Amino acid sequence: MKYFDHAASTPPHPEVIRTIAEVMQAHYGNPSSLHASGEAGFKLLKKAREVCAGTLGVQPSEIVFTSGATESNNMAIKGAALQYRSRGKHLVTSMIEHPSVYESFRQLEGFGFEVAFVPVQTNGTVDIETVMRTVREDTVLVSIMHVNNETGSIQPVAEIARELKQKYPRVLVHVDGVQGFGKVPLQLKDSGIDLYSLSAHKFRGPRGAGLLYVRKGIQLFPLLSGGGQESGVRSGTENVPAVVGMAKALRLAKEQEAEHVRNWRKVRERLVEGIASLPELELNSPAEGAPHIVHFSFPGMKPEVVLHCLEEEGLEVSTKSACSSKTSEPSRVLLAMGKSMETAQSGIRISLGDEHTSEDADLLIEALTKAVKRLSGLKGGLK
Ligand code: PMP
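Sequential numbering from 1 applies to the sequence shown in full-length UniProt numbering.
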């Protein structure tokens, strides 16, 4: 099988697997314990924090380790809203956020917060002016993702953060950076971004590990109470092997970013060119989108049928995104872009990894062409 679902999860890097195995075997002491084994765990954690911070260009004390971006996003959004509730009850996000962001805001609405869900333009990006018009004096937090996980549309988060901080210095800015890290450059330091979420398994680290960058001086209401680990904001014994593995993966992804991006662009271009003329295909990814994602629909066609045709050819792709592929709901992201219900119900996502080449693009083009031919002959297949 050839795997083309790297936006859902990536194969862990061999060096990451080796590191995690070593740490699991040799360093099982609780980093909070005072004996030598505990001290060894603490040192590994400290080193991993330094590596993560160094890679992101921030301070080690600004990194909070979590179980992944779902937790980082919940921690940033609910933690900021609760901590700073005396400043106001108004929050701003976009209509295309990942469920871990979107549902966090929906939950806060139930607790009396007022949330503005900013629309997107037809190319899937939020308009800076619309965000600026939505923010008010009593806005506490603005949360906009860097790269959309379905279409790969890139949001102008650096510009939004800059303009927001000029006009509303007290408004906090959160960015879900999960699909952007290692794919689309973004500088955190002096950017105006206060909170930034990552998940290790999207950049060849382990599942179940992530981080939240919390700019110095910002307090978050802790969602997990307990022993006070992670500066009191995230209690619970740290997952040292996973965190060390994440730090390694983070550094490798950053070091190899330019080379990977060059390759993804080449493969993506070839793929898009090759499928563009397929009958009924509607491309949902903007041309200037992230280099690793190609998203398209065959309106009116069940995407699972196309997916299974590709699977028969040994190719694994995704319908929508992994987090929502088990629901029959139309894509909230595509609807927000003004796409039809039929288009929003028939999305297919191909997402690339480090190992892919132009030959892989050719395999996909061939398999999709074959699937289209086969399905267009079926009643109720392609229209
Ligand atoms: N945000 C985005 C944009 C994502 O793509 C994902 C993963 N699908 C998450 C957050 C959540 O990450 P995790 O499932 O690792 O918690």
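Heads up, the beta-carbon is just placed ideally off N, CA and C, and yes, glycines get one too.
Every value quoted in this text rests on a predicted model; they were computed, and no experiment measured them.
According to the DSSP assignment, residue 210 belongs to the beta strand (DSSP E) that extends over 210 to 214.
Scanning its chain for C-beta atoms nearer than 7 Å, with the 5 sequence neighbours on each side dropped, one finds around residue 345 the residues 330, in chain order.
Here residue 229 is buried. Its C-beta has 16 or more other C-beta atoms within 10 Å.
Excluding the 5 residues flanking it on each side, residue 157 has same chain C-beta neighbours closer than 6 Å at 144, 146 and 175, in chain order. Short of 7 Å from the beta carbon of residue 223, and not among the five residues preceding or following it, lie these beta carbons of its own chain, in chain order: 74, 75, 78 and 79. When DSSP states are grouped into helix, strand and coil, residue 176 belongs to the strand group. Under the DSSP definition of a beta bridge, residue 65 partners with 211. In this structure residue 123 touches residue 286 by the C-beta definition: roughly 4 Å separates them, less than 8 Å. In summary, residue 279 is exposed, with fewer than 16 beta-carbon neighbours lying within 10 Å of its beta-carbon over all protein chains present. Residue 117 has 93 as its beta-bridge partners, per DSSP. In the displayed model, residue 343 falls within a helix according to three-state DSSP. Three or more beta-carbon pairs drawn from the segment 199 to 214 and the segment 1 to 11 are found closer than 8 Å, and the two stretches are therefore classed as touching. In the three-state DSSP reduction, residue 183 falls in the coil class, being neither helix nor strand. Around the CB of residue 112, fewer than 16 other CB atoms lie within 10 Å, so the residue is classed as exposed. Rounded to whole angstroms, the separation of the alpha carbons of residue 153 and residue 302 is 23 Å. Closest in C-alpha terms to residue 93, from the list 155, 150 and 49, comes 155.
For residue 221, same chain residues with a beta-carbon under 6 Å away, outside a window of 5 residues either side, are 79, 82 and 83 in chain order. Each residue's CA atom was taken as its position, placing residue 97 and residue 150 some 10 Å apart. No Cβ-Cβ contact shorter than 8 Å links residue 231 with residue 69. Across the set 296, 307 and 341, the C-alpha of 296 shows the shortest separation from the C-alpha of residue 347. DSSP places residue 201 in no beta strand (DSSP E); its state is neither H nor E. CA-CA distance, residue 89 to residue 64, rounds to 25 Å. Residue pairing by DSSP leaves residue 275 without any beta bridge partner.
Here residue 183 is buried. Its C-beta has 16 or more other C-beta atoms within 10 Å. Assignment of residue 349 by DSSP, reduced to helix, strand and coil, places it in the strand class. In this structure, residue 294 and residue 268 form a Cβ contact; the two beta carbons are roughly 6 Å apart against a cut-off of 8 Å.
For residue 154, the beta-bridge partners assigned by DSSP are 147. Selection 13, 318 and 48 evaluated against residue 241 yields 48 as nearest (Cα-Cα).
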